[in-house]
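Asks: Encoded as structure tokens, here's the structure I'll be asking about.
Numbering (our numbering), first residue to last: 226 to 525.
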């Protein structure tokens, strides 16, 4: 059964299973979702609702049957307009380890990566795709939640089917492959922030770059993203900081590499956002990865 009141996945950065996890949820209300990222792939299938979806610095207006594949470390979030229609969607999280194994089976599954660099993320399958693709997501959810023999193989087979179609659409320049919206002030600002993350991102500086005033810029950002301009900048800088830490950079050097003015400011923001210090995060991440593999082995 789809979940209707479990929001625990909103702060999800780690997978409890080695290969994939899945969720089907229907909501009549939803909390604000700030831009976030995962260390794994997210396969998102939209059924109903009134929402847009921001991936990186581009934005999509969602329609029933839309399929998005969000790679690791790409900031993303839905933006809800209203809940006059229930928000209904499937999400499948695919570990980087499983994806690499699938790339070994079929290197052409990597085709989407090149298209992602062109901001091509969305496959608009329409009503026909909604009927055809939904059973595959149902199979993945059943495989994730069930206890039957060979459930992992069944789930992985369904994931392969979805990835094959997604890549086939991208490689064929199909008309159902929809570009993102890049003709708004907001998407241009998102791009500017990403490209100048370690530079001066004060409201005054960014407003001047776009020939507007900081009050208008702040209003547009808050209205469209449901988060303040400064909160968004800090979120992206902290994500960059986490990536630097996981890449092996000494914690004492990370603040400068991700755009903070000093180590103390980075430390306070990191601890406030994630509940642990940067050093504790590094230790926790390493132990959690080891624990996840052990748990997966025990389940099998």
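No residue lacks a Cβ here, since even glycine has one placed at the ideal position from N, Cα and C.
#1: Please classify residue 266: is it buried, with 16 or more other beta-carbons within 10 angstroms of its beta-carbon, or exposed?
#2: Roughly how many angstroms lie between the CA atoms of residue 454 and residue 299, to the nearest whole one?
#3: Please classify residue 269: is it buried, with 16 or more other beta-carbons within 10 angstroms of its beta-carbon, or exposed?
#4: Note down the Cα distance separating residue 368 from residue 438, rounded to an integer number of angstroms.
#5: So which of 294, 289 and 420 has the shortest CA-CA distance to residue 341?
#6: Please state whether the Cβ-Cβ distance between residue 274 and residue 310 is less than 9 Å.
#7: Nearest to residue 478 by alpha carbon, out of 365, 499 and 504?
#8: Just how far apart, CA to CA, sit residue 280 and residue 472?
#9: Please classify residue 440 as buried or exposed, where buried requires at least 16 neighbouring CB atoms within 10 angstroms.
#10: Is it buried or exposed, residue 489, if we count other Cβ atoms within 10 angstroms and call 16 or more buried?
#11: Just to confirm the assignment, what range does the beta strand (DSSP E) spanning residue 303 have?
#12: For residue 283, which beta-bridge partners are listed by DSSP?
#13: Our contact map puts residue 470 next to residue 506 with C-beta atoms below 8 Å; I'd like the distance itself, whole angstroms only.
#14: Using a Cβ-Cβ cutoff of less than 7 Å, which residues in the same chain neighbour residue 451 once the five nearest sequence positions on both sides are dropped?
#15: Write down the C-beta distance between residue 260 and residue 460 rounded to the nearest angstrom, noting that I regard them as a contact closer than 8 Å.
#16: Answer with buried or exposed for residue 290, where buried requires no fewer than 16 other C-beta atoms within 10 angstroms of its C-beta.
#17: Please check the pair residue 272 and residue 355, which I expect to be a contact at CB under 8 Å, by giving their CB distance rounded to whole angstroms.
Replies: Taking the coordinates as given:
#1: buried
#2: 18 Å
#3: buried
#4: 52 Å
#5: 294
#6: yes
#7: 504
#8: 23 Å
#9: exposed
#10: exposed
#11: 301 to 307
#12: 280
#13: 7 Å
#14: 257 and 304
#15: 6 Å
#16: buried
#17: 7 Å
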